[in-house]
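Take a look at the structure set out below.
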Amino acid sequence: MKSFELYGLKEEEYKRIVDRLGREPNSAELGILGALWSEHCSYKSSKVHLRKFPTKASWVVQGPGENAGVVELDQKVWLAFKIESHNHPSYIEPFHGSATGVGGIIRDILSMGARPIALVDSLRFGLPIDKRIVKGVVRGISHYGNCVGIPTVAGETYFEECYKTNPLVNAFCLGVLPAGKMLRARGKVGDLLFLLGSATGRDGIHGAVMASGEFDESSEEKLPNVQVGDPYFGKKLIEALLQIIDEGLISGLQDLGAAGLSGSASELASKSKCGVELWLDRVPLREENMKPFEILLSESQERMLLVVQEDKVERLKELAKFYHLEGEVVGRLTEDGVFRAYYKDELVAELPVSLIVDEAPVYEKPYKEPEYIKTLRSFDQRELPEVDIRESIKKLLASPNICSKEWIYSQYDHQVGTNTVLKPGGDCAVLRVKWVVRPELRSDKLIAITSEGNGRMVFLNPYEGGKYIVAEALRNLACVGAKPLGITDCLNFGNPDRPEIMWQLVKAIEGMADACEFFGVPVVSG
396 MKSFELYGLK EEEYKRIVDR LGREPNSAEL GILGALWSEH CSYKSSKVHL
446 RKFPTKASWV VQGPGENAGV VELDQKVWLA FKIESHNHPS YIEPFHGSAT
496 GVGGIIRDIL SMGARPIALV DSLRFGLPID KRIVKGVVRG ISHYGNCVGI
546 PTVAGETYFE ECYKTNPLVN AFCLGVLPAG KMLRARGKVG DLLFLLGSAT
596 GRDGIHGAVM ASGEFDESSE EKLPNVQVGD PYFGKKLIEA LLQIIDEGLI
646 SGLQDLGAAG LSGSASELAS KSKCGVELWL DRVPLREENM KPFEILLSES
696 QERMLLVVQE DKVERLKELA KFYHLEGEVV GRLTEDGVFR AYYKDELVAE
746 LPVSLIVDEA PVYEKPYKEP EYIKTLRSFD QRELPEVDIR ESIKKLLASP
796 NICSKEWIYS QYDHQVGTNT VLKPGGDCAV LRVKWVVRPE LRSDKLIAIT
846 SEGNGRMVFL NPYEGGKYIV AEALRNLACV GAKPLGITDC LNFGNPDRPE
896 IMWQLVKAIE GMADACEFFG VPVVSG
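First residue of the sequence shown: 396, per the working numbering; consecutive thereafter.
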């Protein structure tokens, strides 16, 4: 295997990088580009099709492109929300994989300046049931959500043979913020970058590349790629950041997720139309003898990158100490549009920010209708044999897809925060906005949340399945008297290099987009 293939890059992508730089990239630079150009980060195969979604409405404050979507609830309160997957890590290490999926989506909401108030999960497991995966995933979600003090208020779980080695673990988070107080990943030349949260270790290195690959039963050897979360640190980080925001100490922030510090800093620099300089020897570490590229690419959890002016640094350090968090200035934004990382004055990586973020390849991959679709079209239900109705009913009642899921959601604290009006078990969760500490975070309106998916229907007819899922979700909301404000999508498909898989994705997106247009509901994140 060639060196660039280890970082998930294709030969033509590597040649493009060499041509752009006029030289061969070093291993640290390859690691950065491999992570940021991965399917997981760049959406290089799906971006051209995701543009079909309607994203605008008079009540939409922030659509796709930031860490989360934001919509108006009323004149005083805005809502931030997003869903994302943590599938591959949850197969390798179910407990930590699902727990860090929850932690990651919480920080996405937090990075918009919002207080996270609710979680939702959408889960798919294989048949026959793998107790290690199912119990581990559910325990990880309950562990993180319960400990961090955010209720898990809704969700859905289905079992199907196809998820045996590819469980789907999708986590959603909703947050509230005062109208007009939204933050973005933005800064200006000369601003300092302050790393706040947990110390940095070796966990999760190359996690973004792993999340973009195909999996099989031999993939457990990738365990070191799985991040390890700490909900206690997560809770401290939430409270510290909300106080920092209230005091007006920062102008922007970005969570550290895929590709760690390198991904966070380069994305922030790109959105700010700046360059960035990182000082890796200043990063607080929890492991000895970490190499510079490990510090750059570590995906250790519970870390945020804050944009701050120099005169606010001391106060930030005071608050970090008060909340028992690590806090240190690790870089600054520059005017030349170049990403540079130093370790003890030695240059470790030097790349144009635009190459890392904006010049990631965008593909219009070929797609074709799979053969199985033709077989389905020729199916005649009159050819089905007669069945024993009694036995069929028994078989249905024995299905894990029909039985009660209370054994799952009873492990989640759905009342913490005392905002939950309609509890789990129905088609929707309903919450109130009641925040005694901050009077501006109150509303007479209630919030309804639902999660919907149907992999089997999408498999049988991706276009109609995509339409059906949107319509079903909106019916769930209508049943509690709610008006839809926005949709966040999490599309879990196979390898886009396979034309048959790409066809499924394209048609499902088209179906969802047409349904969203018909109902007048925007897609604001995903």
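Glycine is no exception: its CB is placed at the ideal position from the N, C-alpha and C atoms. Here the structure is a predicted model, which means the values were calculated and not measured.
* Helix, strand or coil: how does DSSP classify LYS902 here? -> Look at LYS902 here: in three-state DSSP terms it is helix.
* Asked: Exposed or buried, what is PRO626 when buried is set at 16 or more other beta-carbons lying within 10 Å of its beta-carbon?
  -> A buried status is given to PRO626, since no fewer than 16 other beta-carbon atoms sit within 10 Å of its beta-carbon.
* To do: Pick out whichever of LEU514, ILE864, GLY652, LEU474 has its Cα sitting closest to the Cα of ASP808.
  => LEU514
* **Beta bridge counterpart(s) of GLN638 as assigned by DSSP** => BP columns for GLN638 are empty, so no partner.
* **Endpoints, the beta strand (DSSP E) within which ASN565 is located** => 563-573
* To do: Ignore the nearest five residues each way along the sequence and tell me which others in PRO765's own chain have a CB closer than 6 angstroms to its CB.
  => Cβ within range, chain order: GLU895.
* Would you list, in sequence order, the uninterrupted beta strand (DSSP E) runs of no fewer than 3 residues that lie entirely inside the stretch 800-824? => 815-817
* Could you pull out every unbroken alpha helix (DSSP H) segment of at least 4 residues lying fully inside the stretch 648-734, listed in chain order? => 655-666, 687-692, 708-717
* Asked: Taking Cβ to Cβ, would you say SER695 is nearer than 8 angstroms to LEU468?
  -> no
* By how many angstroms is the C-alpha of GLU434 removed from the C-alpha of GLU616? -> For GLU616, the pLDDT reaches just 48, beneath the cut-off of 50, and the residue's location in the model is therefore unreliable, leaving the point undetermined.
* Asked: Taking DSSP as the reference, what is the three-state secondary structure of MET605?
  -> With a pLDDT of 48 at MET605, under the threshold of 50, the modelled position of this residue cannot be trusted; read the value that follows with caution. MET605: helix per DSSP, three-state reduction.
* **8 angstroms Cβ cutoff, GLY403 in contact with chain D** => Protein chains in the displayed structure number just one, and chain D is not present.
* Asked: Are there 16 or more other CB atoms within 10 angstroms of the CB of GLY915, so buried, or fewer, so exposed?
  -> Counting every other CB atom within 10 Å of its CB across the protein chains shown gives GLY915 a total below 16, marking it as exposed.
* Which first and last residues belong to the beta strand (DSSP E) in which SER920 is found? -> 918-920
* Asked: At what residues does the alpha helix (DSSP H) containing PRO484 begin and finish?
  -> 482-487
* **Beta-carbon spacing of GLY629, HIS491 below 8 angstroms** => no
* To do: Tell me where the beta strand (DSSP E) around ILE842 begins and ends.
  => According to the DSSP assignment, ILE842 belongs to the beta strand (DSSP E) that extends over 837-844.
* Locate the alpha helix (DSSP H) running through TYR767, then write down its first and last residues. => Element bounds for TYR767: 766-772.
* Rounded to whole angstroms, what's the CA-CA distance from ASP676 to VAL532? Just pull it up for me. => 36 angstroms
* Neighbourhood of VAL678 by C-beta distance below 8 angstroms, restricted to the same chain and skipping five residues each side -> Excluding residues up to 5 positions away in sequence, LEU590, THR595, LEU656, ILE690, GLU723, VAL725 lie with their Cβ nearer than 8 angstroms to the Cβ of VAL678 in the same chain.
* Nearest CA to the CA of GLU407: which residue from LYS739, GLU741, LEU518, ALA755? -> ALA755
* Asked: What is the DSSP secondary structure of ARG938, counted as helix, strand or coil?
  -> Given a span of 396 to 921 for the chain in the structure shown, any question on residue 938 remains unanswerable.
* Asked: Exposed or buried, which one is ILE797 when buried takes at least 16 other CB atoms within 10 Å?
  -> exposed
* **Between the CA atoms of LYS763 and ALA566 - distance to the nearest angstrom** => 31 angstroms
* To do: Report yes or no: do the stretch 574-586 and the stretch 698-709 share at least 3 C-beta pairs separated by less than 8 angstroms?
  => A contact exists between the stretch 574-586 and the stretch 698-709.
* To do: Check GLU556 in the structure and name its three-state DSSP category.
  => helix
* With respect to the alpha helix (DSSP H) encompassing GLY403, which residues constitute its N-terminal and C-terminal limits? -> It is not in any alpha helix (DSSP H) - GLY403 carries neither H nor E in the DSSP assignment.
* For the alpha helix (DSSP H) that contains GLU434, what are its first and last residues? -> 434-437
* **ALA866, enclosing beta strand (DSSP E) - first and last residue** => Run containing ALA866: none in the beta strand (DSSP E); it sits in the alpha helix (DSSP H), 857-873.
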